[in-house]
Each structure stands twice: as structure tokens, then as C-alpha cells.
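Numbering (the working numbering), first residue to last: 27 to 792.
Have a look at this one:
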């Protein structure tokens, strides 16, 4: 209702006659000022309109004495109760990436180095327990949301009684097991905020004590009674939620689930409205928005302010009446957050399978450390990045000398199944299936079995076990298989044969795990190649042309010992916009003799091939890719590489190959102006420069130029008679829910244009 100044005056008169405490009046002779309670309803993204109301409330000169809220009203109300101004809350709401916060995503640069290759490239991930596939209890675990709330409430860490906030605060949640209303007035403020907006089947429930809590809007979307119970005399209520959404607004799964969740509280809201003294109804003005319209936050705030200005005169009259009792209260001061805290002790709860030393080692926080709050937040995020947990949060409780750090973890399922589909014009279509098992056989371990079921199949098996008191090193065992078609070309770039290659590898080694974005280590590897002709023609073997149709099979085995360094602080696995990825490897190889199986009439040639004695050699490869932000939607993309063998005489398939848009084998890189695997290299330098422009939302374009040079390193292997090749390309990409969609064209000087189409996830692109 829209109160006129006369109505406000009558309201205060009634309060003086019937509600003022007589005893207090007799003692002091001065009537106490009525206490104002501010009630903010839930409503999903529509709750951003509360920010617009707070701006007008501040302009009117009213400071509430109590605040209650539900769901998004709890978020806005909690921040205001802490002392954030309306303008500060508006900036927070506009700066937050809601698509990221309302998801299970974290930035790739926060994911553990040993997990990056398996992160962010699957369509579906399902828990596997007792050999049965399960489904998550909610679509969104809320790690990013919890991290955001912890960051925003830094200054309130250590305040367990919400009445001790600059403005006393309470919010409402629902007990999922009993359906009862739960009023949250103490405990962890960020946990209370998260629980109050945990929409069932959208967000996972929040466990606080022995209760499993979900969105308070299910039972009390407009918590007026709670403000009265806190001691409010005058209730200012702001309602942004209608009775129920009309049919035309139910256009997404989120909207449908929210509708179902709030059936019960719809009737309760009507009763609560009757208890208000000053009611601001916004739902009619917000009909163009839905509960999921977080992408329109600025518009919703503006609309909330516009509607609230209709009540400005009445609010000013109320403020004048309140000020008649004495000077207005001073503006709320935001609680000052400490620059750093002394960690007196650490407690970890929720861990059953994951060993404590893995948690403390990855957390990088020790008792009696003095740390900035920002550092604690970063370390908690990195602990989550180990992928051993579905959620990691923390609270700080005051102690005799400093603070007690309590870390709460929710372990990931011991096993999970992941899947993705893909197609590209160079490697054909297929399905990727991944089985990940943690703490298999040994605690603090991870086993991965991944396969591409495709025309060009791939298998990846690896077992990683963290070691040491701080878990900063890991032992690794693994094996891999690649099966693929390998074309060969003549000097005129014409395909002359197609070989069927099967590459097997096994390895054992170690690597550092102390840092999230880089690692180094060593591996002892065994490689085995089987090669047979698929399309008859000629191919080059040790500088001589051999007809493929006389070959039954070629085999070769090699041992290798490598030392490597890897860095990856890209911010995303798909279309990153900043960061670098570097891979430098030095490997000594001990190749065995090539075993040839030719047609019987070519036994002499077979013996000649099998007698070739390959000498041990050393190989150095360096690859780097960098994304340097120029503007928010534009990045400079730089790629460099070095390939250096100390000999040109190596067995077949042990060179590094260049060509195509997306070669899938390990020892290959793209050179988009040529067909896949066109060049076999033992000494080369390459450079790639381009721009990545985000045109709109998830749509990107990427022009680039590539240069490949073998003459600077005096290689005997020319690029079809040339020492330098340059390629020009243009790619367009779209980040879809089913994976990236990429279209590309490229050409080399005086050559035909090559095209490319890629759909879905496969191997890491960079």
C-alpha cells in the first residue's frame, strides 16, 4: 500500500497510544523511538530490486533497526546489516559474474595441475556408488556461491550472533527433512545466506548442525513475524514476488523448479503482508523479469528504484516523525575487516575417505600462521581444485590468542562417470567416456580410465598417489593407446598413402604437486608402434620411397627417460582469455631395431630394413601458448615452439608432426594451412600470433598467422622443399552447452584453402 503523509502520522499516533512501553515512559519522561524492521522477500533475480529500494530508503533518511530476509532478500539484507551501503551492494551485484556463481564452475587456474587435463570437457558427470549410477541431490553444489559469500562477509567472520551485526539480522530457511521453518539468527553468516537461497533441485541442501536446510521461501517467503519477534514496532516490507508465475513465464527449468518450490509459501505471504505497516509491492512492475533473470541485474535494480521513488514522500514523512523522538541514528559503519588473522588452531570436518594430511598439505595453512583473509580464501579454493571435494568452506571463530579456522569439506563421490560427444572433420565422430576413482587401493590416490570410442580410438589409464608429509609430490603410473589413420604426402602435397598406426605407451614416474599452476617431474617410458598400410601407395622410410602394398606390418619399440616442466594458468579450458600454458620436455631415447614383415618375395628388403641400427638420441621440445588481455573482450594470442633432435636418423613415427587444425596424437601440433601430419620434423621453430575477440556472449572469432621454420636450425628435413612456411587462418567458435563449436579456414602461400569443423569436447585444445 502507498501511505500518504497523513496515514504515516496516524500510524505513529496509534503506536504512541497503544504500543509505547508505559514503564519506560514513566522512568525517563521521554517516549522511546519506535523500532523499524525491514523485511525483504525472496524472489530470485527479482530480489535485486531490493537494492533499488535501499537507495531510496537511504535518501529518505531511514535506518532500520532490524532486518529479516528470505532467499535473495537474505543476501541483500545480510550485506546491508553488515554495513554495506546501497551503492556498495549495487556495485557488488553488477560486478558478480552470476553465470559463474550460479554454477559448479571454477576457474581453470584454481584447479590442481594434475587435474587440469580432465577438467571442464565433459557434458555429464554422474556419481557412481556400489556399481550404480546416481544423480546429484541438486543441480548446483554452490561452491562458487559459497566462496562469493565468504569473500563478501570477511568482516563478519567471528560474529556468531547476528544480533551483534551493525543492524541485527535474521533469515529464514526450511528443514528439508521435516518441512519446518528454521530462523537463522546465529552461526556462520555466509552459510546462513547460502541455506536461505538453496532452492530444492536447483541448489544442493546446506547442512547446519543436524539440520539439512533449503530455501526459506518454501515456508516463509516474506518473514514479517520474524522482524516483529526481534522487537520491531513498525514494519517496512518490500515484496518482489508475486503469488505464482503465470504460464508464459515458465520458460526454463529453473523457473519451473522455483514455481514448484514456492507453492506452500504463496498463501503464507498474504498473511504476512497484513502484518506490515508500510508495504512496497513491486511484483507487478517486475513481471517482465523472471526469477532467473540475473543477466538483467542492472535493469532490475533500476526498476526497483523507480518503483520505490513513488513511496519517497511517505518515507520522508516517516523519517521526520521518527526524528522527532531525537537525533537520527548515525549512519551504519561497515565492520572493518582485519588485514590478516593469526590462525591459532585448525579443525577439519566432513572428511571420511580423504586423508587429513592431503587436506592440510593442499590447504597450505599451518597452525600459528598469520595470513591475510584473501590468502585463506585462495587456499580454500585451491583445496577445492583438487577435485576430491564437491564443496569446501571455512569459518573463523575467535580464540584466546587469534582465530580458530574450521574447514568444512564435502567429499566427492569415490567414483564418477563422465561423458562427452565430439565430431571434427579431421578425426571423425566419437564418444569420450571417463571413469574416475579416488582413494582406490590406497588413500590419497586417483585412478582414471578414459576412452574415445571412435573411428580413431584412444585409451588413457593413469594412477596417481600423493606422497610425503605435505603431499607435495606424487608417484604416477600410466598407459595409453592411440589408433589413427596417418596420411603421407609427396612434394606436391598430394596424398600418396594412408597408414594405420597403433601407438602404445606405458610409463612410471613422479611429479611435484605443491603448486596449482605448475609442476615438474621425470618419467621412464616404454613406446611400441605397429604400422600397417590401409591405402596402398608410397611412403618414405630412412630417406627411401617404399611401396606400402608390400608391407604387412612394421614394429618398433623404444625406451625413454624424460624430465619435464609444465605450467598452466589459463583461466578456462575452452576459449581462455588470459594466462599461459607451457610444456618443456627433454627426453633421452633408446630405440630398438625396426621389425619389418613384408611379402615373402621381398625378404631381402625385409632383412635390410630390420638391420637398420638406430642410435640413442636426445629430443628437446618446448611449446607455449599465451592469452594476453587487451580489452575485456579481446586477447592477444601468442604461441611459440621449439623442436630439436640431436640426429635426423630416428625410427618411423618418432618425429614431431605438423599440419591440420587439431591433431590428436601427443607428438603433433597444428599448422592450419596444411593437411594433418603433413610435415615430419626433427628440428624446427614455429610461431603463431593472433587475436581472439568475443563478439557477443559465447561467440568468438580468432584470426591468426603461423610460421614454421626449419632452416634456422639447419634441418635436413625441408618443408616440401622450403625452409619456411607461413599459414593464414580464421576461426569462429561458440561455447555451447554440448561443447565448443568451431569453424575454421586457413591457407598457405600458393596453396588451396583448408576448412575445418569441430563440435564438442575431446582433448585439451591448447
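Beta carbons are placed, not taken as given, at the ideal position from N, Cα and C, and that holds for glycine. Everything numeric in this text was worked out from a predicted model, so none of it was measured.
Spatial neighbours of residue i in its chain, beta-carbon cut-off 7 angstroms, leaving aside the 5 residues before and after
{"i": "residue 501", "result": "491, 493, 536"}
{"i": "residue 67", "result": "96, 99, 247, 248, 264, 265, 266, 267"}
Sequence-distant residues of its chain with Cβ nearer than 6 angstroms to residue i (five each side left out)
{"i": "residue 298", "result": "248, 250"}
{"i": "residue 295", "result": "247, 248"}
{"i": "residue 613", "result": "586, 588, 645"}
{"i": "residue 488", "result": "474, 504"}
{"i": "residue 673", "result": "643"}
{"i": "residue 712", "result": "667, 734"}
{"i": "residue 649", "result": "609, 667"}
{"i": "residue 553", "result": "531, 584"}
{"i": "residue 200", "result": "240, 242, 244, 245"}
{"i": "residue 180", "result": "363, 399"}
{"i": "residue 611", "result": "588, 590, 647"}
{"i": "residue 728", "result": "716, 718, 757"}
Coil, strand or helix - residue i by DSSP
{"i": "residue 632", "result": "helix"}
{"i": "residue 211", "result": "coil"}
{"i": "residue 784", "result": "strand"}
{"i": "residue 142", "result": "helix"}
{"i": "residue 295", "result": "helix"}
{"i": "residue 488", "result": "strand"}
{"i": "residue 63", "result": "strand"}
{"i": "residue 24", "result": "As shown, the chain starts at 27 and ends at 792. That puts residue 24 outside it, with no answer to give."}
{"i": "residue 147", "result": "coil"}
{"i": "residue 574", "result": "helix"}
{"i": "residue 342", "result": "helix"}
{"i": "residue 496", "result": "coil"}
{"i": "residue 682", "result": "strand"}
{"i": "residue 468", "result": "coil"}
{"i": "residue 703", "result": "coil"}
Identity of the residue in the options nearest residue i by Cα
{"i": "residue 142", "options": "412, 696, 581, 314", "result": "412"}
{"i": "residue 97", "options": "766, 224, 450, 78", "result": "224"}
{"i": "residue 160", "options": "751, 440, 734, 782", "result": "440"}
{"i": "residue 300", "options": "337, 780, 261, 309", "result": "261"}
{"i": "residue 368", "options": "315, 321, 431, 623", "result": "431"}
{"i": "residue 110", "options": "237, 360, 783", "result": "360"}
{"i": "residue 652", "options": "623, 694, 688, 607", "result": "607"}
{"i": "residue 752", "options": "573, 605, 772", "result": "772"}
{"i": "residue 196", "options": "306, 386, 64", "result": "64"}
{"i": "residue 392", "options": "356, 362, 433", "result": "433"}
{"i": "residue 512", "options": "463, 701, 306", "result": "701"}
{"i": "residue 620", "options": "678, 350, 422, 595", "result": "678"}
{"i": "residue 428", "options": "449, 444, 399, 394", "result": "394"}
{"i": "residue 231", "options": "692, 205, 252", "result": "205"}
{"i": "residue 170", "options": "188, 185, 229, 149", "result": "229"}
{"i": "residue 88", "options": "59, 601, 728, 308", "result": "59"}
{"i": "residue 238", "options": "217, 253, 252", "result": "217"}
{"i": "residue 336", "options": "325, 136, 308", "result": "308"}
{"i": "residue 314", "options": "458, 325, 784", "result": "325"}
Min CB distance residue i to chain E below 8 angstroms
{"i": "residue 690", "result": "Absent here is chain E; the protein component of the structure consists of one chain."}
Status (buried if at least 16 other CB within 10 Å, exposed otherwise) for residue i
{"i": "residue 721", "result": "exposed"}
{"i": "residue 637", "result": "exposed"}
{"i": "residue 34", "result": "For residue 34, the predicted model reports a pLDDT of 48, less than 50, meaning its position is unreliable and no value from the coordinates is stated."}
{"i": "residue 654", "result": "exposed"}
{"i": "residue 671", "result": "buried"}
{"i": "residue 113", "result": "exposed"}
{"i": "residue 157", "result": "exposed"}
{"i": "residue 351", "result": "exposed"}
{"i": "residue 318", "result": "buried"}
{"i": "residue 222", "result": "buried"}
{"i": "residue 208", "result": "buried"}
{"i": "residue 656", "result": "exposed"}
Sequence-distant residues of its chain with Cβ nearer than 8 angstroms to residue i (five each side left out)
{"i": "residue 690", "result": "453, 482, 484, 508, 510, 788, 789"}
{"i": "residue 437", "result": "376, 377, 378, 379, 380, 414, 415, 416"}
{"i": "residue 328", "result": "78"}
{"i": "residue 155", "result": "439, 440, 441"}
Inset, instruction - Report the residue ranges of all alpha helix (DSSP H) runs contained in full by the stretch 69-123; include only those spanning at least 4 residues, in chain order. - result: 75-86, 98-108, 112-121
Legend entry - Minimum length 3: unbroken beta strand (DSSP E) runs contained in the stretch 368-446: 396-398, 415-424, 429-437
Inset, instruction - Quick one: which unbroken beta strand (DSSP E) runs of 3-plus residues sit fully inside the stretch 723-781? Chain order, please. - result: 725-735, 750-762, 765-774, all fully within the stretch 723-781.
Inset, instruction - Report the residue ranges of all beta strand (DSSP E) runs contained in full by the stretch 232-268; include only those spanning at least 3 residues, in chain order. - result: 232-234, 237-241, 260-265
Legend entry - beta strand (DSSP E) runs wholly inside the stretch 585-647, at least 3 long, in chain order: 605-617, 621-624
Legend entry - Complete alpha helix (DSSP H) runs within the stretch 147-209 (minimum length 4 residues, chain order): 169-178
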